[in-house]
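J.: Before I ask anything, let me first share the structure, which is written out below as structure tokens.
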Amino acid sequence: MKKTIITLVTVAMTILSAIADDTTYESLTFVKSDGTEVSYSVDGLRITFSNSNAVIKNDETTGVLGLSSLNYMYFSDADSSYLTGDVNGDGEVTIADVNVINDIILGSDVDADVEERADVNGDGEVSIADVNAVIDIILSAS
Ligand SMILES: [Ca+2]
Ligand SMILES: [Ca+2]
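Going by this note's numbering, the first residue of the sequence shown is number 285, and it counts up by one from there.
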């Protein structure tokens with residue numbers, strides 16, 4: 285129960301800080317403890333809590349997420365239709381995406397949305413860990 289309350293406070297603070305930030309976000313992504321992600325458009329987004337579950341509703345869909353399996357969540361203004369790891373946005377996760385991340389690490393200037401997608405593991409920076417994350421995605425798909 286204590287963990288649930290802490291989670292609720294964290295969720296509330298995340299939402300409040302996002303609102304205070306005055307940025308237009310397009311999606312809210314939930315990252316579960318097993319690493320899988322679910323993104324919801326913020327259009328009409330409404331989250332209610334009951335029995336240790338978060339019920340996420342927006343204009344398109346309703347989702348139920350067990351709070352105990354929720355690792356973290358983040359708002360983003362990126363188009364949530366991109367696949368995780370598809371850094372160059374061509375619709376598939378390949379070695380080309382690894383190359384884009386390498387270029388960014390080596391100092392290439394890229395569009396902000398590309399750089400955002402290059403942070404594959406969502407830790408706020410583009411690093412070798414993101415290269416590894418993309419390679420893991422490629423290997424797990426083959
Ligand atoms: Ca790609
Ligand atoms: Ca990263």
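A virtual CB, placed ideally from N, CA and C, is assigned to each residue, including glycine. None of these values were measured; they are calculated from a predicted model.
With C-beta atoms as the reference, is Ile379 less than 8 Å away from Ile412?
T.: Here residue 379 corresponds to residue number 95 of the sequence shown, with the count starting at 1. Here residue 412 corresponds to residue number 128 of the sequence shown, with the count starting at 1. The answer is no: Cβ separation not under 8 Å.
J.: Using a threshold of 7 Å, is the CB atom of Asp420 nearer than that to any non-hydrogen atom of ligand 2?
T.: For the purposes of this step, residue 420 is taken as residue 136 along the sequence shown, with counting starting at 1. Result no, Cβ not under 7 Å from ligand 2.
J.: I need the boundaries of the alpha helix (DSSP H) containing Val418, first residue and last residue.
T.: What you label residue 418 is simply residue 134 of the sequence shown in a count that begins at 1. Counting along the chain, the alpha helix (DSSP H) containing Val418 begins and ends at 412 to 425.
J.: Report, in whole angstroms, the separation of the C-beta atoms of Tyr358 and Ile340, which I expect to be a contact under 8 Å.
T.: To locate residue 358, count along the sequence shown from 1; it is residue 74. To locate residue 340, count along the sequence shown from 1; it is residue 56. So it is not a contact: roughly 14 Å between Cβ atoms.
J.: Could you tell me which of Asn386, Asp370, Leu329, Val377 sits nearest to Ile299, measuring between CA atoms?
T.: Counting from 1 along the sequence shown, the entry for residue 299 is found at position 15. Ranking the options by Cα distance to Ile299, first place goes to Leu329.
J.: In the DSSP assignment, what are the bridge partners of Met357?
T.: Translated into positions along the sequence shown, residue 357 becomes position 73. Per DSSP, Phe314.
J.: Quick one: what does DSSP say Val377 is sitting in, helix, strand or coil?
T.: Taking the sequence shown and counting its residues from 1, one reaches residue 377 at position 93. Three-state result, Val377: coil.
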